[in-house]
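Peer 1: What follows is a structure written as structure tokens; I'll ask about it next.
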Amino acid sequence: MVVLNYINGKMQEAVSGLQLDNFEPATGNVYGHVADSDSADVQLAFEAANAAKSNWANTAAEEKFKWLNALADAIDADRENFAKAESRDQGKPLWLARNEMIRAAQNFRFFATAAMQFASESHAMENKAINYTLRQPVGVVGCISPWNLPLYLFSWKIAPALAAGNTVVAKPSEFTAATAHLLAETCIKIGFPAGVLNIVNGLGPKVGQAMVEHRGIKAISFTGGTSTGKHIAATAAPMFKKLSLELGGKNPNIIFDDADIEKALKTTINTSFLNQGEICLCGSRLLIHESIYDKVKNRIVEEAKKLKVGNPNNDDTRIGAIVSKPHFEKVLSYIELAKEEGGQILTGGAALNPEGCESGWFIEPTIIEGLGPKCRINTEEIFGPVISLLPFKDEEEALQLANATEYGLAATIWTENLTRAHRLAANLEFGIVWINCWLLRDLRTPFGGAKSSGVGREGGWEAMRFFTEPKNVCIALS
Ligand code: NDP
158 MVVLNYINGK MQEAVSGLQL DNFEPATGNV YGHVADSDSA DVQLAFEAAN AAKSNWANTA
218 AEEKFKWLNA LADAIDADRE NFAKAESRDQ GKPLWLARNE MIRAAQNFRF FATAAMQFAS
278 ESHAMENKAI NYTLRQPVGV VGCISPWNLP LYLFSWKIAP ALAAGNTVVA KPSEFTAATA
338 HLLAETCIKI GFPAGVLNIV NGLGPKVGQA MVEHRGIKAI SFTGGTSTGK HIAATAAPMF
398 KKLSLELGGK NPNIIFDDAD IEKALKTTIN TSFLNQGEIC LCGSRLLIHE SIYDKVKNRI
458 VEEAKKLKVG NPNNDDTRIG AIVSKPHFEK VLSYIELAKE EGGQILTGGA ALNPEGCESG
518 WFIEPTIIEG LGPKCRINTE EIFGPVISLL PFKDEEEALQ LANATEYGLA ATIWTENLTR
578 AHRLAANLEF GIVWINCWLL RDLRTPFGGA KSSGVGREGG WEAMRFFTEP KNVCIALS
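Under the working numbering, the first residue of the sequence shown carries the number 158, and numbering increases by one thereafter.
Next up, the structure:
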């Protein structure tokens, strides 16, 4: 597959003609190419988006609803093809990619209805005046997404941006651009209006940076690492560009002694290792009450050993390949660091060469104990199938350990004591708290992180507000 840019309704090579190799994580082989674009391509995409801006902003909400629904229907109709492309490109198990394609379609469908229902406020001043707030599209906006949940997160940004009446210049991660390419082909197939959505492929420091620097691109919605987020914020701030930053996490998963332990374990195995641990919401720090520490430890180790690591196409595979060689090496280097810091590896801890995928990038699900809260393993984001266990003696210590990182994306609590659950939820410094569940998502709720995990919120009206500019109009009544 050659992943091309989609600009002004057409597939096109990068202006430079350059391409990047695209690797299949399960084999480590090059299986395609991706346009290696630069600022010239971003400029073309901007011009197309700018030319389409006024028409799309003035398109009736019902028409926008129809277009976004048409994209959702087309993804649903071609789900298997999308899922296979996603799994091959990213390394995730095919069954998981199928679920994510359902969610990608839902994102378009959800924001299709938002286009119809979004409304704004009015504020009456007794007999003096009435204010009403117009929420107008921002204009041309930029959407930059990472490699872990490629189409799922790409559509999570594009859909509200379009629903709110903006035209879009978007960049998927160059590691995982295949499904964005299929989406572009789908746009062409269904006759999606040219220039409304434009996709530019290539490297972050070239394409992403050019988008952030472009004065005509009025807002940037970014999901990715915290250090990239910092760089983007520093570039965009002097231009007073609107920014939504969804960044990294070091999420605690807290199990109290009064929890339904079997239920907690069943979910915790996913919280720890789903998608090879490459979900920003994964719980990489498992905090366990000291009275049940050994029991939970033994059970989680037992369950982790059962997880089959291997060919993403096999139905019984639970852990697929790590997305790229550099990331594979980074995760392994953290396992080495855990040993240097004095941690004990309870299970896993090594790369694997599963049958049929001998040269791919696979890592065993790895569980570490014996490291204090200040160790790098417990403070830095690893973003792989690696978790660390920490015991706590009481609620106060659990809270203190949970909050002891610069990150604040998501926390999970397992307890049957609802008073404690509410108390903790109020005091955890995280944007999202799950109680006795994990990854349960209502698309209307605010989504995002506190502290170094981000700025702003996505989801529901939050996203529609981000992608619109409020303007207050005050009319005197006398
Ligand atoms: P990166 O920050 O490396 O990249 C994210 C995107 O930004 C990619 O498309 C990347 O392009 C691009 N990019 C890189 N440099 C720049 C730049 N200077 N200007 C503009 N864009 C740039 O993150 P990863 O792709 O490695 O994704 C993993 C990270 O994403 C993890 O930290 C994870 O926690 C976070 N994440 C956060 C989520 C949240 O909702 N809070 C959800 C999912 C992931 P390229 O790929 O070419 O480098």
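The beta carbon of each residue, even a glycine, is placed where N, CA and C say it ideally should be. The structure displayed is predicted, hence computed values, not measured ones.
In chain order, what are the residue ranges of uninterrupted beta strand (DSSP E) at least 3 long that sit wholly in the stretch 253 to 309?
Peer 2: With a minimum length of 3 residues, the continuous beta strand (DSSP E) runs that stay inside the stretch 253 to 309 are 279 to 282, 286 to 294 and 297 to 301.
Peer 1: With a threshold of 7 Å (Cβ to nearest heavy atom), would T569 be considered close to the ligand NDP?
Peer 2: T569 Cβ: outside cutoff for every heavy atom of the ligand NDP.
Peer 1: Measuring alpha carbon to alpha carbon, tell me which of T625, L175 and W213 ends up nearest A197.
Peer 2: If we check each option's Cα against that of A197, L175 comes out closest.
Peer 1: For the 8 Å Cβ check, are there 3 or more pairs between the stretch 298 to 309 and the stretch 594 to 613?
Peer 2: Touching, no.
Peer 1: Short check: CB of G541 to CB of I570, under 8 Å?
Peer 2: No. Outside cutoff.
Peer 1: Quick one: does the C-beta of G189 sit closer than 7 Å to a heavy atom of the ligand MN?
Peer 2: Absence of the ligand MN is noted for the structure shown, with the ligand NDP being the only ligands found.
Peer 1: Can you tell me whether I534 sits near the ligand NDP, meaning its C-beta is under 7 Å from at least one heavy atom of the ligand?
Peer 2: Checking every heavy atom of the ligand NDP against the Cβ of I534, none is found closer than 7 Å.
Peer 1: Is any heavy atom of the ligand NDP found at a distance shorter than 7 Å from the C-beta of V543?
Peer 2: No, the Cβ of V543 stays beyond 7 Å of every heavy atom of the ligand NDP.
Peer 1: For R442, does the three-state DSSP call read helix, strand or coil?
Peer 2: Strand, per DSSP.
Peer 1: Tell me I412's beta-bridge partners as DSSP assigns them.
Peer 2: Paired residue(s): I445 and W571.
Peer 1: Below 8 Å on the Cβ atoms is my guess for V367 versus V199; work out the distance and round it to an integer in Å.
Peer 2: In the sequence on display, residue 367 carries Ala and not Val. Confirmed, about 4 Å.
Peer 1: Which residues mark the beginning and the end of the alpha helix (DSSP H) in which H641 is found?
Peer 2: Only positions 158 to 635 of the chain appear in this structure, which leaves residue 641 out of reach.
Peer 1: Would the stretch 309 to 326 and the stretch 345 to 358 be scored as touching if the rule is three or more Cβ pairs under 8 Å?
Peer 2: In short, these stretches touch, since the Cβ pair count reaches three.
Peer 1: Using the Cα positions of F239 and L339, report the straight-line distance between them to the nearest angstrom.
Peer 2: One C-alpha to the other measures close to 7 Å.
Peer 1: Taking the alpha-carbon positions, what's the G477 to W518 distance?
Peer 2: About 9 Å.
Peer 1: For a quick check, are the C-beta atoms of G166 and I301 less than 8 Å apart?
Peer 2: Not a contact, by the Cβ cut-off of 8 Å.
Peer 1: Answer yes or no: do I534 and L494 have a C-beta to C-beta separation smaller than 8 Å?
Peer 2: Cβ atoms of I534 and L494: closer than 8 Å.
Peer 1: When you compare only the Cα positions, how much space is there between R266 and E370?
Peer 2: Distance between the alpha carbons of R266 and E370 is about 31 Å.
Peer 1: Runs of 3 residues minimum, wholly inside the stretch 579 to 612: which ones carry the beta strand (DSSP E) assignment?
Peer 2: For the stretch 579 to 612, whole beta strand (DSSP E) runs of length 3 or above, ordered along the chain, are 589 to 592.
Peer 1: Going straight from the alpha carbon of T380 to that of K387, what length do you get?
Peer 2: When rounded, the distance between both Cα atoms is 12 Å.
Peer 1: Restricting to runs no shorter than 4 residues, where is the alpha helix (DSSP H) found entirely within the stretch 206 to 259?
Peer 2: Segments of the alpha helix (DSSP H) lying fully in the stretch 206 to 259: 218 to 234 and 236 to 247.
Peer 1: Identify whether K346 lies in helix, strand or coil by the three-state DSSP scheme.
Peer 2: In the structure shown, K346 sits in a helix (DSSP, three-state: H, G or I).
Peer 1: To the nearest angstrom, how far is the alpha carbon of E257 from that of W213?
Peer 2: Roughly 28 Å separates the two Cα atoms.
Peer 1: Judging by CA-CA distance, which residue of R292, Q433, G529 and G440 is the nearest neighbour of K496?
Peer 2: It is G529 whose Cα lies nearest to the Cα of K496.
Peer 1: Residues in the same chain with beta-carbon distance under 7 Å from L251, minus the five sequence neighbours each way, listed in chain order, please.
Peer 2: The answer, listed in chain order, is A240, K241, S244, P469 and N470.
Peer 1: So, with DSSP's three-state summary, where would you put M168?
Peer 2: The answer is strand: DSSP assigns M168 an E or B state.
Peer 1: Could you tell me the distance, in whole angstroms, from the CA atom of A561 to the CA atom of N584?
Peer 2: Cα to Cα, A561 sits roughly 13 Å from N584.
Peer 1: CA-CA distance, N186 and G365?
Peer 2: N186 and G365: Cα-Cα distance of roughly 26 Å.
Peer 1: Can you say whether L634 is buried or exposed, counting buried as having 16 or more other CB atoms within 10 angstroms of its CB?
Peer 2: L634 should be labelled exposed.
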